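Reminder that position 3 of the sequence shown reads as 19 in my numbering, one-by-one numbering, no gaps. The structure under discussion appears below in the form of structure tokens.
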Amino acid sequence: MTDLFAPYELKALTLKNRVVMPPMCQYAVEKQDGIPTDWHYVHYVSRAVGGSGFIIVEMSGVHPDGRITNRDTGIWEDGQIPAFKRLTDAVHAHGAKVAIQLGHAGRKAVDAAPPVAPSAIPFDDTYAVPKALSREEIAELIIAFREAARRAIEAGFDTVELHGAHGYLIHQFHSPLSNVRDDEYGQDPILFGEQVVKAVREVLPAEMPLIMRVSAKEYVEDGYDEAYALEFCRRYKEAGVDLFHVSSGGEGPIGSNGGPNAGPAYQVGLAEYIRSGLQVPVIAVGRLESYEEAQAVITEAKAELVAVGRGLLSDPYWALHAAEALGGIDSSDLPAPYVRGIWNKK
């Protein structure tokens, strides 16, 4: 039986287990320059020491005004590469693989003046009215995604994840709530994301799997449902996505925490739906802090990988503690200085 601690392989990406740390913004950049600091280094490396098989670094802007805030990381220029390389080298030294999430916040970029979006529609009345992107500006952003992916490879990341969820720019293009354009990007709202995928695929080695995070459902009137999500995921798969990280929400008043009755594993069914509909591997995410819930996602073949967000914020050693609790650990899996604390403790 495949369990949470079985290795996983997709193209050239080989993971020691199925535990994923999903991207979670730290808002900890000190000089508004997008460069990760010692906080980021310790934050990510400690999760590698703690046994996570795969770590996805927080959404990093492909453009200075594409960050959610000016305290977010970015990878829009070559001078940012060395700090990320220091981080990836250390994560690899402790046995984990690492990706970076590339994104643009679009109309949700609170420090941009002005923010940009497919259409001049603010997220809500607390946000600025964004500038509608011209075709030329759209072309420039597609290149920005491609160049950010190139930098990520130079920085030693094992792959990249494109952020197409939670109401950020790619999501804004394929959502009917935020895209009312009358040009080709409005007539075909999936086109922008498809072009981003193809551009990034140009610079990724063929054996490197491309990941995309998507919101498979919008919890708001006139928002899209799972059937539409399956449609755009099919297009993104055909363009070059190998693995979908399936979340939900992000447009309208309900965000990525789900609806009022959201509980443990509330998004797993959405991941299963994309997985079975496209015959594509998926990462399940959403309140999977329970060791048993996370294990069940894998043993019941609902997803290939499990992302544990808040659980890993609370406990950097979540994966080691899960393995201990579920009986999937031996002393060879542990950092030698920690053996007496986790293995055969009396």
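Where is the CB? At the ideal position from N, CA and C, for every residue including glycine. These numbers were taken from a predicted model, which means no experiment stands behind them.
Can you find a C-beta in chain D that's less than 7 Å from the C-beta of Ala243? In summary, chain D is missing from the structure at hand, where a single protein chain is found.
Candidates Glu170, Val107, Tyr235, Ala245, of which the one nearest Pro9 by Cα: No information on residue 9 is available, as it lies outside the stretch 17 to 362 that the chain covers here.
Classify Ile345: buried if its beta carbon has 16 or more other beta carbons within 10 angstroms, exposed otherwise. Here residue 345 refers to the residue found at position 329 when the sequence shown is read from its first residue. Buried is the call here.
Mind pulling the alpha helix (DSSP H) runs of 4 or more residues that sit fully within the segment 270-306? 284-294
Three-way DSSP call (helix, strand, coil) for Lys113 in this model: Counted from its first residue, the sequence shown places residue 113 at position 97. Here Lys113 sits in strand by DSSP.
Residue environment, Glu320, which counts as buried when at least 16 other CB atoms sit within 10 Å: Mapped onto the sequence shown, residue 320 falls at position 304. The residue in question, Glu320, is buried, as its Cβ has 16 or more Cβ neighbours within 10 Å.
Decide if the segment 33-41 is in contact with the segment 319-335; the criterion is three or more beta carbon pairs, one per stretch, under 8 Å apart. yes
Could you tell me if Thr175 is buried or exposed, where buried requires 16 or more neighbouring beta carbons within 10 angstroms of its beta carbon? Position 159 of the sequence shown, counted from the first residue, corresponds to residue 175. By the 10 Å Cβ count, Thr175 comes out buried.
Start and end of the beta strand (DSSP E) containing His179? The count along the sequence shown starts at 1 and reaches residue 179 at position 163. Note, His179: beta strand (DSSP E), 175-180.
Could you name the residues that DSSP lists as bridge partners for Tyr8? Nothing can be reported for residue 8: it is not among the residues displayed for the chain, which extend from 17 to 362.
Can you name the start and end residues of the alpha helix (DSSP H) that Arg151 belongs to? Indexing the sequence shown from 1 puts residue 151 at position 135. Taken as a continuous stretch (DSSP letters only), the alpha helix (DSSP H) holding Arg151 covers 151-170.
Can you give the Cα-Cα distance for Gln48 and Ser292, rounded to whole angstroms? As a working mapping, residue 48 is identified with position 32 in the sequence shown. As a working mapping, residue 292 is identified with position 276 in the sequence shown. The alpha-carbon atoms of Gln48 and Ser292 are separated by roughly 42 Å.
Taking just the CA atoms, how far does Glu242 sit from Gly69? Sequence index remark: in the sequence shown, residue 69 carries index 53 (1-based). Sequence index remark: in the sequence shown, residue 242 carries index 226 (1-based). Near 29 Å, if we compare the C-alpha coordinates of Glu242 and Gly69.
With the cut-off set at 7 Å, would you say Ile91 and Arg167 are in Cβ contact? For the purposes of this step, residue 91 is taken as the residue at position 75 of the sequence shown. For the purposes of this step, residue 167 is taken as the residue at position 151 of the sequence shown. For Ile91 and Arg167, yes; Cβs fall inside 7 Å.
Note down, in chain order, each residue of its chain lying with its Cβ closer than 8 Å to the Cβ of Pro225, except the 5 sequence neighbours on either side. Counting from 1 along the sequence shown, the entry for residue 225 is found at position 209. The answer, listed in chain order, is Leu26, Lys27, Ala28, Leu29, Thr175, Asp258, Leu259.
Whole-number beta carbon distance between Asp88 and Met75, since they are thought to touch under 8 Å: Numbered from 1 along the sequence shown, position 59 holds the residue referred to as residue 75. Numbered from 1 along the sequence shown, position 72 holds the residue referred to as residue 88. Right, the Cβ-Cβ distance comes to about 7 Å (below 8 Å), so this counts as a contact.
Run through the DSSP bridge pairs and tell me what Gly95 is partnered with. On the sequence shown, position 79 is the one that residue 95 refers to. Paired residues: none, contrary to the question.
Buried or exposed by the 16-neighbour rule on C-beta atoms within 10 Å, applied to Pro23: The residue you call residue 23 lines up with position 7 of the sequence shown. It is exposed - the Cβ of Pro23 has fewer than 16 other Cβ atoms within 10 Å.
Is it right to say Asn86 is buried, meaning 16 or more other beta carbons lie within 10 angstroms of its own, or is it exposed? For the purposes of this step, residue 86 is taken as the residue at position 70 of the sequence shown. So Asn86 counts as buried.
Can you give, in chain order, each stretch of the alpha helix (DSSP H) that sits fully within the segment 239-264 and has at least 4 residues? 242-255
Pull up the distance between the alpha-carbon of Leu193 and that of Ala281, whole angstroms please. Along the sequence shown, read from residue 1 onward, the residue named residue 193 stands at position 177. Along the sequence shown, read from residue 1 onward, the residue named residue 281 stands at position 265. For Leu193 and Ala281, the distance between alpha carbons rounds to 27 Å.
Alpha-carbon to alpha-carbon, Ala155 and Ser191: For the purposes of this step, residue 191 is taken as the residue at position 175 of the sequence shown. For the purposes of this step, residue 155 is taken as the residue at position 139 of the sequence shown. Near 19 Å, if we compare the C-alpha coordinates of Ala155 and Ser191.
Does the distance from the C-beta atom of Ser263 to that of Lys233 stay below 7 Å? The residue given as residue 263 occupies position 247 in the sequence shown. The residue given as residue 233 occupies position 217 in the sequence shown. Not a contact, by the Cβ cut-off of 7 Å.
Since Gly266 contacts Met228 with CB under 8 Å, what's their CB separation in whole angstroms? Position 250 of the sequence shown, counted from the first residue, corresponds to residue 266. Position 212 of the sequence shown, counted from the first residue, corresponds to residue 228. 14 Å between Cβ atoms; not a contact.
Have a look at Val78, Tyr60, Pro131, Pro130 and flag the residue whose alpha-carbon is nearest the alpha-carbon of Lys113. Here residue 113 is taken as the residue at index 97 of the sequence shown, counted from 1. For the residues Val78, Tyr60, Pro131, Pro130, the minimum Cα distance to Lys113 belongs to Tyr60.
Taking Val145 and Ile186 to be in contact with their CB atoms under 8 Å, please state how far apart those CB atoms are, rounded to whole angstroms. Locating residue 145 in the sequence shown gives position 129, where the first residue counts as 1. Locating residue 186 in the sequence shown gives position 170, where the first residue counts as 1. Incorrect: roughly 20 Å between the Cβ atoms, too far for contact.
Ignore the nearest five residues each way along the sequence and tell me which others in Tyr378's own chain have a CB closer than 6 Å to its CB. Since the displayed the chain opens at 17 and closes at 362, residue 378 lies outside it and no answer follows.
Given Ser306, which residues of its chain have a CB within under 7 Å of its CB, disregarding the five upstream and five downstream residues? One-based indexing of the sequence shown puts residue 306 at position 290. For Ser306, where only same-chain residues beyond five positions count, the Cβ hits under 7 Å are Pro280.
Quick one, are the C-beta atoms of Val36 and Ile290 less than 7 Å apart? Here residue 36 is taken as the residue at index 20 of the sequence shown, counted from 1. Here residue 290 is taken as the residue at index 274 of the sequence shown, counted from 1. No.
What's the call for Lys362, buried or exposed, on a 16-neighbour Cβ count within 10 Å? Sequence index remark: in the sequence shown, residue 362 carries index 346 (1-based). Its pLDDT being 43, under 50, Lys362 is placed unreliably in this model, and the value from its coordinates should be taken loosely. Exposed.
Determine the burial state of Gln96: buried for a count of at least 16 other Cβ atoms within 10 Å of its Cβ, exposed for fewer. Your numbering for residue 96 matches position 80 in the sequence shown. Looking at its Cβ environment, which holds 16 or more other Cβ atoms inside 10 Å, Gln96 is buried.
Can you tell me whether Ala144 sits near the ligand FAD, meaning its C-beta is under 6 Å from at least one heavy atom of the ligand? This structure lacks the ligand FAD, and indeed carries no ligand of any kind.
One question on the structure: do Gln283 and Gly302 come within less than 7 Å of each other, judged by their Cβ atoms? Stepping through the sequence shown from its first residue, residue 283 is reached at position 267. Stepping through the sequence shown from its first residue, residue 302 is reached at position 286. Their beta carbons are under 7 Å apart, which means Gln283 touches Gly302 by this criterion.
Under a Cβ-count criterion, where at least 16 other Cβ atoms within 10 Å of its own Cβ denotes burial, should Pro134 be classed as buried or exposed? Working through the sequence shown from its first residue, we reach residue 134 at position 118. Its Cβ being crowded by 16 or more others within 10 Å, Pro134 is buried.
Local conformation of Glu46 per DSSP, three classes: Indexing the sequence shown from 1 puts residue 46 at position 30. Correct three-state label for Glu46: coil.
For Ser62, which three-state DSSP category applies? Counted from its first residue, the sequence shown places residue 62 at position 46. If DSSP states are grouped into helix, strand and coil, Ser62 belongs with the helices.
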